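Q:
There are 4 protein chains.
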Amino acid sequence: MPRAPKSPVLARTKPLRKRAFARRRAPARSEEDRQVKFLRILDAALDVFSEKGFARSRLEDVAARAGIAKGTIYLYVPSKQGLFEALIRSGIGSAVEEIEQRLAAFDASAEDRLRALFRFFNKEVLGTRRRNIVRLLIVEAERIPALADFYHREVLTRALGLLRRIARDAVERGEFKSDELVRFPQLIVAPGVAALIWSDLFQRLEPIDMEAMFEAHLTLLMRALKGEAA
Amino acid sequence: MPRAPKSPVLARTKPLRKRAFARRRAPARSEEDRQVKFLRILDAALDVFSEKGFARSRLEDVAARAGIAKGTIYLYVPSKQGLFEALIRSGIGSAVEEIEQRLAAFDASAEDRLRALFRFFNKEVLGTRRRNIVRLLIVEAERIPALADFYHREVLTRALGLLRRIARDAVERGEFKSDELVRFPQLIVAPGVAALIWSDLFQRLEPIDMEAMFEAHLTLLMRALKGEAA
Amino acid sequence: MPRAPKSPVLARTKPLRKRAFARRRAPARSEEDRQVKFLRILDAALDVFSEKGFARSRLEDVAARAGIAKGTIYLYVPSKQGLFEALIRSGIGSAVEEIEQRLAAFDASAEDRLRALFRFFNKEVLGTRRRNIVRLLIVEAERIPALADFYHREVLTRALGLLRRIARDAVERGEFKSDELVRFPQLIVAPGVAALIWSDLFQRLEPIDMEAMFEAHLTLLMRALKGEAA
Amino acid sequence: MPRAPKSPVLARTKPLRKRAFARRRAPARSEEDRQVKFLRILDAALDVFSEKGFARSRLEDVAARAGIAKGTIYLYVPSKQGLFEALIRSGIGSAVEEIEQRLAAFDASAEDRLRALFRFFNKEVLGTRRRNIVRLLIVEAERIPALADFYHREVLTRALGLLRRIARDAVERGEFKSDELVRFPQLIVAPGVAALIWSDLFQRLEPIDMEAMFEAHLTLLMRALKGEAA
DNA sequence: GATGAATGAGATTTCATTCAT
DNA sequence: GATGAATGAAATCTCATTCAT
Numbered sequence: 001m002p003r004a005p006k007s008p009v010l011a012r013t014k015p016l017r018k019r020a021f022a023r024r025r026a027p028a029r030s031e032e033d034r035q036v037k038f039l040r041i042l043d044a045a046l047d048v049f050s051e052k053g054f055a056r057s058r059l060e061d062v063a064a065r066a067g068i069a070k071g072t073i074y075l076y077v078p079s080k081q082g083l084f085e086a087l088i089r090s091g092i093g094s095a096v097e098e099i100e101q102r103l104a105a106f107d108a109s110a111e112d113r114l115r116a117l118f119r120f121f122n123k124e125v126l127g128t129r130r131r132n133i134v135r136l137l138i139v140e141a142e143r144i145p146a147l148a149d150f151y152h153r154e155v156l157t158r159a160l161g162l163l164r165r166i167a168r169d170a171v172e173r174g175e176f177k178s179d180e181l182v183r184f185p186q187l188i189v190a191p192g193v194a195a196l197i198w199s200d201l202f203q204r205l206e207p208i209d210m211e212a213m214f215e216a217h218l219t220l221l222m223r224a225l226k227g228e229a230a
Numbered sequence: 001m002p003r004a005p006k007s008p009v010l011a012r013t014k015p016l017r018k019r020a021f022a023r024r025r026a027p028a029r030s031e032e033d034r035q036v037k038f039l040r041i042l043d044a045a046l047d048v049f050s051e052k053g054f055a056r057s058r059l060e061d062v063a064a065r066a067g068i069a070k071g072t073i074y075l076y077v078p079s080k081q082g083l084f085e086a087l088i089r090s091g092i093g094s095a096v097e098e099i100e101q102r103l104a105a106f107d108a109s110a111e112d113r114l115r116a117l118f119r120f121f122n123k124e125v126l127g128t129r130r131r132n133i134v135r136l137l138i139v140e141a142e143r144i145p146a147l148a149d150f151y152h153r154e155v156l157t158r159a160l161g162l163l164r165r166i167a168r169d170a171v172e173r174g175e176f177k178s179d180e181l182v183r184f185p186q187l188i189v190a191p192g193v194a195a196l197i198w199s200d201l202f203q204r205l206e207p208i209d210m211e212a213m214f215e216a217h218l219t220l221l222m223r224a225l226k227g228e229a230a
Numbered sequence: 001m002p003r004a005p006k007s008p009v010l011a012r013t014k015p016l017r018k019r020a021f022a023r024r025r026a027p028a029r030s031e032e033d034r035q036v037k038f039l040r041i042l043d044a045a046l047d048v049f050s051e052k053g054f055a056r057s058r059l060e061d062v063a064a065r066a067g068i069a070k071g072t073i074y075l076y077v078p079s080k081q082g083l084f085e086a087l088i089r090s091g092i093g094s095a096v097e098e099i100e101q102r103l104a105a106f107d108a109s110a111e112d113r114l115r116a117l118f119r120f121f122n123k124e125v126l127g128t129r130r131r132n133i134v135r136l137l138i139v140e141a142e143r144i145p146a147l148a149d150f151y152h153r154e155v156l157t158r159a160l161g162l163l164r165r166i167a168r169d170a171v172e173r174g175e176f177k178s179d180e181l182v183r184f185p186q187l188i189v190a191p192g193v194a195a196l197i198w199s200d201l202f203q204r205l206e207p208i209d210m211e212a213m214f215e216a217h218l219t220l221l222m223r224a225l226k227g228e229a230a
Numbered sequence: 001m002p003r004a005p006k007s008p009v010l011a012r013t014k015p016l017r018k019r020a021f022a023r024r025r026a027p028a029r030s031e032e033d034r035q036v037k038f039l040r041i042l043d044a045a046l047d048v049f050s051e052k053g054f055a056r057s058r059l060e061d062v063a064a065r066a067g068i069a070k071g072t073i074y075l076y077v078p079s080k081q082g083l084f085e086a087l088i089r090s091g092i093g094s095a096v097e098e099i100e101q102r103l104a105a106f107d108a109s110a111e112d113r114l115r116a117l118f119r120f121f122n123k124e125v126l127g128t129r130r131r132n133i134v135r136l137l138i139v140e141a142e143r144i145p146a147l148a149d150f151y152h153r154e155v156l157t158r159a160l161g162l163l164r165r166i167a168r169d170a171v172e173r174g175e176f177k178s179d180e181l182v183r184f185p186q187l188i189v190a191p192g193v194a195a196l197i198w199s200d201l202f203q204r205l206e207p208i209d210m211e212a213m214f215e216a217h218l219t220l221l222m223r224a225l226k227g228e229a230a
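Chains as they are written, first to last, in the UniProt record's numbering: chain W, 1 to 230; chain Y, 1 to 230; chain F, 1 to 230; chain H, 1 to 230.
(1) Taking only three categories from DSSP, how would you classify residue 178 of chain F?
(2) So that I know if they touch, is there some Cβ in chain Y lying closer than 8 Å to that of residue 41 of chain W?
(3) When you compare the CB of residue 12 of chain F with every CB in chain H, is at least one pair closer than 8 Å?
(4) Between residue 158 of chain H and residue 225 of chain H, what straight-line distance do the alpha-carbon atoms span, to the nearest angstrom?
(5) Relative to the C-alpha of residue 97 of chain Y, which residue among Y:196, Y:201 and Y:155 is closest?
(6) Taking the straight line between their C-alpha atoms, what separation do you get for residue 223 of chain F and residue 164 of chain H?
(7) Could you compute how far the alpha carbon of residue 81 of chain W sits from the alpha carbon of residue 45 of chain W?
(8) So, with DSSP's three-state summary, where would you put residue 151 of chain H?
(9) List the whole-angstrom C-beta distance separating residue 85 of chain W from residue 147 of chain W, where the pair is believed to meet the contact cut-off of C-beta under 8 Å.
(10) Let me make sure I understand the geometry here. Which of Y:188, Y:207, Y:109 and Y:100 has the alpha-carbon closest to that of residue 218 of chain Y?
(11) Nearest to residue 124 of chain W by CA position, among W:73, W:104 and W:94, is which residue?
(12) Considering only the beta carbon of each residue, do residue 170 of chain F and residue 110 of chain F sit closer than 8 Å?
(13) Chain F partners of residue 193 of chain H, CB-CB under 8 Å?
(14) Based on Cα-Cα distance, which residue from F:168, F:36 and F:50 lies nearest to residue 67 of chain F?
(15) Whole angstroms are fine: how far does the CA of residue 53 of chain H sit from the CA of residue 32 of chain F?
(16) By the three-class DSSP mapping on this structure, what secondary structure does residue 69 of chain F have?
(17) Which residue's Cα is closest to the Cα of residue 228 of chain W: Y:195, Y:213 and Y:178?
(18) Quick check: the Cα distance between residue 127 of chain W and residue 118 of chain W, rounded to an integer number of angstroms?
(19) With respect to the alpha helix (DSSP H) encompassing residue 157 of chain W, which residues constitute its N-terminal and C-terminal limits?
(20) Roughly how far, in whole angstroms, is the beta-carbon of residue 62 of chain W from the beta-carbon of residue 88 of chain W, given that I think they are within contact range, below 8 Å?
(21) Does residue 209 of chain W pass the burial test, meaning 16 or more other C-beta atoms within 10 Å, or should it be called exposed?
(22) Tell me which same chain residues have a C-beta within less than 7 Å of the C-beta of residue 185 of chain F, skipping the five on either side of it?
(23) Quick check on residue 171 of chain F - is its C-beta less than 8 Å from some C-beta in chain H?
(24) Which term fits residue 78 of chain F, buried or exposed, when burial requires 16 or more other beta carbons within 10 angstroms of its beta carbon?
(25) So what's residue 99 of chain F in DSSP terms, helix, strand or just coil?
(26) Would you list, in chain order, the members of the stretch 151 to 167 of chain Y that have their beta-carbon closer than 7 Å to a beta-carbon of chain W?
(27) CA-CA distance, residue 120 of chain H and residue 50 of chain H?
(28) Taking CB distances under 8 Å as the criterion, tell me whether residue 216 of chain F reaches chain H.
(29) Measuring only the C-alpha atoms, how far is residue 25 of chain H from residue 201 of chain H?
(30) Where does the unbroken alpha helix (DSSP H) through residue 50 of chain W begin, and where does it stop?
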């Protein structure tokens with residue numbers, strides 16, 4: 001079915017190269033469709049990156065898992081690197097906000113609020129693929145300073161600030177007798193970080209009951225800070 | 001034709017077959033020379049891997065930094081992967097042994113021993129390139145199960161066992177009033193892990209006084225366990 | 001289902017089949033609209049191809065510059081290659097015809113006619129984007145033999161034939177004393193070709209007054225042929 | 001034949017990817033070998049680039065024609081672009097120098113020297129693949145300003161300077177009666193440029209006797225400049 | 001008729017690994 | 001034992017072309 005004139009001048013001209021011919025899938029049209037498809041890509045990327053690490057992942061695999069063609073990814077992100085960054089961003093913002101909202105709204109003792117925090121962390125980070133995002137971040141952030149900056153600004157500053165505020169309130173209200181956690185709110189979450197790494201690397205070799213560990217951690221913290229007897 | 005190096009960190013390696021005779025004016029390399037050269041390679045590998053991560057490192061760069069030719073690396077390890085594994089193994093065994101010896105020989109209170117442990121960690125791990133080895137391990141271990149196994153067996157089991165023994169002794173002697181650290185010795189080192197990651201990613205953005213943080217951590221732990229007032 | 005445009009430069013193209021009926025509120029495109037749009041495409045193509053060369057040009061850019069969508073181009077030409085050919089054809093025929101008409105109608109001495117020719121060339125080719133068409137042709141024609149054939153048949157044979165006739169007339173009338181230009185009319189236009197290339201590549205580095213050069217060229221030619229003293 | 005230790009730790013580790021296995025050719029060792037191999041690459045590049053144009057040429061084809069592997073090219077040049085530039089450079093310098101030497105040493109009338117120049121051009125440029133280098137240059141130089149700069153500086157300035165000197169000498173000695181060629185030495189070589197393009201594009205359609213054309217060109221020039229009768 | 005999202009062949013470039021010297 | 005030139009698999013990214021809407 002000719003599409004174009006066979007001009008007498010150039011009738012014999014053939015296409016320079018063979019190019020894509022077949023395709024099946026209907027294109028996404030609405031903005032919503034776009035969003036959905038992009039989420040599917042990010043989802044696939046998380047799968048693949050989690051499994052192989054960034055450098056060893058092939059965009060072709062990401063595309064395959066998302067059920068699209070390689071080139072399609074480039075309609076959403078400018079490069080492999082860009083895909084990675086989008087992934088990190090997408091997975092983080094929401095979680096932090098959720099935590100912020102939960103804890104801010106939570107009008108309770110510091111102990112209860114921290115306990116709630118660890119419950120959330122255990123269920124929504126450690127227990128899901130979000131865990132992998134954090135691990136990917138740890139792995140790649142050094143190489144991509146902008147990513148470390150972003151994470152520090154969007155996540156750590158906010159999260160540690162929140163923890164610090166909780167601790168300071170507790171000190172001011174007399175709930176806590178000393179200020180170690182005001183100075184180093186990192187000490188609150190350190191077991192969370194360790195648990196995250198442990199579950200990726202060693203959980204299969206030596207399972208730890210993370211919930212019990214967090215409970216022990218909080219018990220120690222509270223006892224130390226509230227001055228109760230063991 | 002085995003080509004494996006001997007080095008103190010690789011004690012189980014089989015001995016080299018002696019060279020039958022020297023070809024041309026072979027410089028009669030001693031076994032010691034071999035080891036020295038191998039250490040130079042590992043050293044270079046640590047530099048390069050630390051800087052770029054495993055996947056993005058080029059053996060050519062490792063060779064260049066070691067002052068040898070690319071091919072020479074293959075006289076010591078069978079592949080890039082093998083080089084990485086040798087590096088991890090070399091950097092770890094010695095440190096753990098040193099810790100074990102120090103802490104075992106240390107006949108003192110649990111508190112003093114933990115304090116010594118953090119001093120060592122701060123000075124000999126956080127403050128040196130060994131930190132990078134641990135980070136590399138975190139990054140790559142998931143992909144190389146044998147490496148996670150090795151690390152778990154050679155490092156974690158021993159180190160956590162040691163910590164657990166310290167905690168148990170303390171409980172038995174009445175120094176500690178409860179057994180959280182016996183059940184979860186990971187809680188002792190969690191801030192160390194967090195500090196390690198922090199110093200790679202965020203120290204430049206928000207420096208933390210690690211020594212002070214460790215001190216606060218120990219203070220809290222001891223207060224909680226010894227039942228002293230804040 | 002033929003999709004070819006009609007345009008004056010593509011006179012041999014078959015007529016379009018009439019659209020059977022309008023679907024939705026089809027804006028009843030006239031044949032003229034089609035031609036206008038096609039000219040806009042060719043115009044954009046000339047811009048882009050001139051700037052980047054054929055191989056490095058993207059149809060997307062052509063479409064953008066023409067203010068239409070990528071796919072639309074394929075309603076007018078069957079391929080990128082076809083677009084290029086249409087461009088070459090469109091830009092050339094008219095110019096040659098114009099020259100032919102001007103010079104044929106010009107009843108004057110050979111010298112005056114050649115002078116007029118260079119004036120036209122300088123103003124209508126060197127000074128406009130037509131220059132780029134010629135350059136594109138030089139660049140691509142070897143790869144597309146049909147294009148070289150077309151150009152040779154439609155342009156060179158006619159143009160050189162015209163020049164040869166002028167020279168022959170001049171010889172027969174005694175204006176020229178020898179027949180070099182009858183045998184090699186190429187010698188007349190060679191400085192034009194050189195000027196074309198020079199202006200693309202070196203004019204920015206070393207500007208030449210093309211008009212003065214053409215004048216010198218004609219002066220030499222006339223002196224040589226008319227036998228006047230220097 | 002094992003090359004490396006099977007450490008107990010990592011005995012099961014397999015190489016990450018399959019990599020190059022076979023190779024046949026003995027490596028080039030001496031500096032001379034390097035030169036020879038590089039020339040072979042440039043030679044192959046000229047073949048392929050001439051045939052397809054730069055953009056459509058595949059390095060794989062260049063390598064194949066040179067009898068080496070793709071990657072080997074990158075031991076000599078940093079990129080496809082770099083290969084192209086090296087090719088242009090290599091083909092030009094020598095020719096210009098040769099011309100300079102020949103003409104400078106040539107103590108003869110301007111006419112004889114120009115005649116010698118065209119003889120050289122016809123034999124050593126038009127008649128060889130050097131012709132293609134010049135054409136490639138015309139095609140690509142606009143896109144690579146540095147290349148146009150280089151060519152202008154290394155070739156045109158020198159060559160046109162030489163021609164201008166010849167013309168000026170002739171004027172001063174009274175051999176030439178006017179100074180057109182001093183002002184526009186380009187007019188001397190314009191037919192050479194035109195011939196070059198003609199032979200690539202149209203020689204197969206309408207062969208021209210280039211030698212005769214150059215002779216006619218010189219005849220006209222000399223007659224115009226020396227004021228002899230036709 | 002127009003559109004532009006989607007496709008996937010293809011090209012460049014990198015670099016682990018081999019092995020002749 | 002050392003070397004480093006050579007290899008070629010593999011991976012990213014581009015963009016002509018198609019076709020559902």
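Quick reminder that beta carbons are idealized off the backbone N, C-alpha and C, glycines included.
As the structure is a prediction and not an experimental result, all values here were calculated from the model.
A: In terms of the structure at hand:
(1) In this structure, residue 178 of chain F counts as coil in the three-state DSSP scheme.
(2) no
(3) Confidence is the limiting factor: at residue 12 of chain F the pLDDT is only 30, short of 50, which leaves the residue's position unreliable and the question unanswerable from this model.
(4) 23 Å
(5) Y:155
(6) Rounded to the nearest angstrom, the two C-alpha atoms are 20 Å apart.
(7) 11 Å
(8) DSSP places residue 151 of chain H in helix when its eight states are reduced to three.
(9) 6 Å
(10) Y:188
(11) W:94
(12) yes
(13) Simply 190, 193, 194 and 197.
(14) The candidate whose alpha carbon is nearest that of residue 67 of chain F is F:36.
(15) 38 Å
(16) coil
(17) Y:178
(18) 12 Å
(19) 157 to 173
(20) At roughly 15 Å, the Cβ-Cβ gap does not stay under 8 Å, so residue 62 of chain W and residue 88 of chain W are not in contact.
(21) Exposed, by the Cβ-count rule.
(22) 160, 163, 164 and 167
(23) no
(24) buried
(25) helix
(26) 152 and 156: these are the residues of the stretch 151 to 167 of chain Y whose beta carbon lies less than 7 Å from some beta carbon of chain W, given in chain order.
(27) 22 Å
(28) yes
(29) Legend: pLDDT at residue 25 of chain H = 41, less than 50; position of this residue unreliable, value from coordinates given subsequently. When rounded, the distance between both Cα atoms is 39 Å.
(30) For residue 50 of chain W, the uninterrupted alpha helix (DSSP H) run begins and ends at 31 to 52, by DSSP.
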